[in-house]
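Enquirer: In my numbering, the protein residues as written are 27 to 733. By construction, the Cβ of each residue, glycine as well, lies at the ideal position given by its N, Cα and C atoms. As the structure is a prediction and not an experimental result, all values here were calculated from the model. My structure is below; once you've seen it, I'll send some questions.
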Ligand code: CA
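Below is the structure:
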């Protein structure tokens, strides 16, 4: 980047890129974009802009030049759990949240650490997290940064110094709500939701004064105890519309407190002054347990439009009435104006877990279209007049009492990994997951006070012991990068992926789509055709979405590598590579530019020396009890059938599982709580904990017998 003639903007302008020329003129004519305008080169919002398009106008790195993209620097993070964050970049400084809700500020040009903030999340908070101790990002406003912590705090710091300005608890003491999603700042208010619908949590979203941290309003997404008002912005609409759609014990711990958590997507339309939020699944999953098997259960699995100043309800659209498949409407919400049936409409689009790509009129909330973008078998389409899905009778497993192999499964056809939208190509770029899930009704379900509470028959969650059957499952756990044409309701192109999960997506006016993958590459594709133009071996699976930014005339691409999240934790052997090895997690911030020549440090592979097989053996009844208890609680982090996907220890190979007293110290007493492993002595007896050990050892034998 030494001399003038090599400046990428000029090189690109000579190459005839019309957009590059206009970007150049914009800069040179002194019409400087404001600091939060994507044309400024900053990335100041989670989804880049209020419409959450994740489409950058920067064009120095483009189809013609991307071949010269190289690493400029890398920075190793101090946590090796899942990394899901979208970094913010303001005036050349990168602000990135990591696992355990830490925030790090790095000089964008060099990777030098400017400051760090560790909110010191207690390890016990991990037990309230369904899906790893991840964090997806911060918000920026007037020199301040805002982000949420796993234990439910919202923190404001000075972006220059990292010094705390204020901190508030957004969840009640003892509540199981956790924060992993990024806040948004709208009209001087920090909007934050939370997760926890697998634990037994009631969903809500809150707005805090960005200056003071004072609570401005709160909107609950599901009703509370009948007859009790919250004193919240949601009181009137919950009483009028939502409460009549609920029955039974939904409002207490027996029923699961309803769910509908607002754990990820939001978008804002300044012209219409509407804040859009997506709500999650029902808690507990089974509508029979939650709501006597009846009712739409508003506002589960819905898009809700609110006034950002007051939290006042404007409209809602429910995608899945009476959800019982973990079909959240929390995936990326993107706003665009596009031609539908011959008329330009203000559109809200979403590709939620349930497999349909929705377009709503974002002024009225009216359904414009809903088209399957993946395999769907829970519904025979969406009725265009009523907007309701035609749910198949067999999908209602809690009513039929019969297992239902649902497509998509609970992980969804698309999850939190953000999609992007390019107005230039007219395509949405979606990291699609091919998933299925066996839904069963568990008559023996009882909610535990600790850990996940998923009311499916536990033993049905286990992987088959036969390694050939496991290989078949592993081969089916795949994905694709899908370029979806919403105006025509069809795919423009697809790139198949060999495994899951893959990364969130960035598109650019340089005609590129960037996406990291489960195999450990960051890829650049031609946005029009899907042809791969460039890739980089990141030595680590990547889930987080890349961002692009510009400082001193040079365009950069930054992504955070690192493996983890719900699929990596839970699916165990089903998400390993073809040789049966866990995917690599080397949690690092990586930054690229044209002409970058840095190389990653090579790390020696760690080869674990195999432990001798234990000699003790339990009886079949004990192993069976252990299998049930394991798949009630432990599977969510340690993986199906005691096979870890990588981010946490594989219990089959752990010395702790070989030692009965060490096992009790960890599993009952919680001596490793600071690492996220709480003690379960209040919910499981010592004998039950020992039965879980017997099952884990049995799985070690099963594994060894097949090698
Ligand atoms: Ca969920």
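1. Ordered along the chain, which non-local residues of its own chain (more than five positions away) have a Cβ less than 7 Å from that of residue 660?
2. What residue ranges within the segment 394–460 form continuous beta strand (DSSP E) runs of no fewer than 3 residues, ordered along the chain?
3. Could you give the C-beta distance for residue 108 and residue 160, rounded to a whole number, given that I count them as a contact under 8 Å?
4. Return yes when the C-beta of residue 203 is under 7 Å from any heavy atom of ligand 1, and no when it is not.
5. To the nearest angstrom, how far is the alpha carbon of residue 542 from that of residue 549?
6. Nearest-angstrom Cα distance between residue 647 and residue 656?
7. Can you look up residue 237 in the DSSP assignment and give me helix, strand or coil?
8. Excluding five sequence neighbours on each side, which residues of the same chain lie with their C-beta closer than 6 Å to the C-beta of residue 436?
9. State yes or no: is the C-beta of residue 346 within less than 8 Å of the C-beta of residue 286?
10. Mapping the DSSP letters down to three states, classify residue 713 as helix, strand or coil.
11. Quick check on the contact list: which residues have their beta carbon closer than 6 Å to a heavy atom of ligand 1?
12. I'd like to check one pair, residue 538 with residue 98: are the Cβ atoms closer than 8 Å?
13. How many Å lie between residue 606 and residue 675 at the Cα?
14. Can you give me the start and stop residues for the alpha helix (DSSP H) that residue 493 sits inside?
15. Within this structure, are the beta carbons of residue 230 and residue 288 separated by less than 8 Å?
16. Could you please give me the residues that DSSP links to residue 506 through a beta bridge?
17. Under a three-way DSSP split, which group does residue 723 fall into?
18. Assuming contact is defined by CB atoms lying nearer than 8 Å, are residue 238 and residue 192 in contact in what I supplied?
19. With DSSP collapsed to three states, give me the class of residue 112.
20. Report all residues from its chain with a CB closer than 8 Å to the CB of residue 681; omit the five preceding and five following residues, and keep chain order.
21. What does DSSP give as the partner residue(s) for residue 339 in the beta ladder?
22. Going by the beta-carbon positions, is the gap between residue 334 and residue 213 smaller than 8 Å?
23. Going by other Cβ atoms of all chains shown within 10 Å of its Cβ, with 16 needed for buried, is residue 198 buried or exposed?
24. Does any C-beta atom of chain B lie closer than 8 Å to the C-beta of residue 637?
25. Flag this pair as yes or no: are the beta carbons of residue 305 and residue 336 separated by less than 8 Å?
26. Going along the chain, which residues of its own chain have a beta-carbon closer than 8 Å to the beta-carbon of residue 455, five neighbours each way excluded?
27. Which residues in the same chain have their Cβ closer than 6 Å to the Cβ of residue 59, if we skip the five residues on either side of it in sequence?
28. Could you check what DSSP says for residue 254 in three-state terms: helix, strand or coil?
29. Look at residue 314 and residue 425 and say whether their C-beta atoms are less than 8 Å apart.
30. Can the beta-carbon of residue 120 be found closer than 8 Å to that of residue 615?
Expert: Let me spell this out:
1. Here residue 660 refers to the residue found at position 634 of the chain shown. Only 718 meet the Cβ criterion.
2. List check, beta strand (DSSP E) in window: 405–408, 415–417, 430–432, 446–448, 453–460.
3. Residue 108 sits at position 82 when you count from the first residue of the chain shown. Residue 160 sits at position 134 when you count from the first residue of the chain shown. Between residue 108 and residue 160 the beta-carbon gap is near 4 Å, inside 8 Å, which marks them as a contact.
4. Here residue 203 corresponds to residue number 177 of the chain shown, with the count starting at 1. No; taking the cut-off as 7 Å, the Cβ of residue 203 has no heavy atom of ligand 1 nearer than that.
5. Within the chain shown, the letter at position 516 stands for residue 542. Within the chain shown, the letter at position 523 stands for residue 549. Using only the alpha carbons, I get a separation of about 6 Å.
6. Taking the first residue of the chain shown as position 1, residue 647 is located at position 621. Taking the first residue of the chain shown as position 1, residue 656 is located at position 630. Residue 647 and residue 656 have their C-alpha atoms spaced approximately 14 Å apart.
7. The residue given as residue 237 occupies position 211 in the chain shown. It is coil, neither helix nor strand.
8. Taking the chain shown and counting its residues from 1, one reaches residue 436 at position 410. Here the set comprises 352, 463.
9. By one-based count along the chain shown, residue 346 stands at place 320. By one-based count along the chain shown, residue 286 stands at place 260. Residue 286 is positioned such that its CB atom lies no closer than 8 Å to that of residue 346.
10. Translated into the one-based positions of the chain shown, residue 713 becomes position 687. Of the three classes helix, strand and coil, the one that applies to residue 713 here is helix, per DSSP.
11. Contact residues of ligand 1 (beta-carbon closer than 6 Å to any heavy atom; chain order) are 223, 224, 306, 307, 352, 354.
12. Reading the chain shown from its first residue, position 72 is the one you call residue 98. Reading the chain shown from its first residue, position 512 is the one you call residue 538. At the C-beta level, residue 98 and residue 538 stay beyond 8 Å of one another.
13. The count along the chain shown starts at 1 and reaches residue 606 at position 580. The count along the chain shown starts at 1 and reaches residue 675 at position 649. Cα-Cα distance, rounded: 15 Å.
14. Position 467 of the chain shown, counted from the start, is the residue given in the question as residue 493. Counted as a single uninterrupted DSSP element, the alpha helix (DSSP H) harbouring residue 493 occupies residues 493–502.
15. Taking the first residue of the chain shown as position 1, residue 230 is located at position 204. Taking the first residue of the chain shown as position 1, residue 288 is located at position 262. Taking 8 Å as the Cβ cut-off, residue 230 and residue 288 qualify as a contacting pair.
16. By one-based count along the chain shown, residue 506 stands at place 480. In the DSSP output, where bridge partners are listed per residue, residue 506 has 458, 522.
17. Position 697 of the chain shown, counted from the first residue, corresponds to residue 723. Three-state result, residue 723: helix.
18. For the purposes of this step, residue 238 is taken as the residue at position 212 of the chain shown. For the purposes of this step, residue 192 is taken as the residue at position 166 of the chain shown. Yes, they are a contact pair.
19. Counting from 1 along the chain shown, the entry for residue 112 is found at position 86. Three-state result, residue 112: strand.
20. What you label residue 681 is simply residue 655 of the chain shown in a count that begins at 1. Result list for residue 681: 637, 688, in chain order.
21. In the chain shown, the residue the question calls residue 339 occupies position 313. The partner list for residue 339 (beta bridge, DSSP) reads 332.
22. Taking the first residue of the chain shown as 1, we reach residue 334 at position 308. Taking the first residue of the chain shown as 1, we reach residue 213 at position 187. Yes, Cβ-Cβ distance for residue 334 and residue 213 is below 8 Å.
23. Taking the chain shown and counting its residues from 1, the one referred to as residue 198 is at position 172. Answer is exposed; the Cβ neighbour count stays below 16.
24. Chain labels in this structure do not include chain B; a single protein chain is all it has.
25. Looking up residue 305 in the chain shown gives position 279. Looking up residue 336 in the chain shown gives position 310. With contacts defined as CB atoms closer than 8 Å, residue 305 and residue 336 fail to qualify as a contacting pair.
26. As a working mapping, residue 455 is identified with position 429 in the chain shown. Closer than 8 Å at the Cβ level, and outside the excluded window around residue 455, lie 445, 446, 447, 448, 507, 508, 509, 510, 531, 533, 539, 541, 553.
27. Position 33 of the chain shown, counting from 1, holds the residue named residue 59. Here the set comprises 65, 66.
28. Within the chain shown, numbered from 1, the residue matching residue 254 stands at position 228. Assignment of residue 254 by DSSP, reduced to helix, strand and coil, places it in the coil class.
29. For this step, residue 314 is matched to residue 288 along the chain shown. For this step, residue 425 is matched to residue 399 along the chain shown. Contact flag set, yes.
30. Sequence index remark: in the chain shown, residue 120 carries index 94 (1-based). Sequence index remark: in the chain shown, residue 615 carries index 589 (1-based). Residue 615 sits close to residue 120, with the two beta carbons spaced by under 8 Å.
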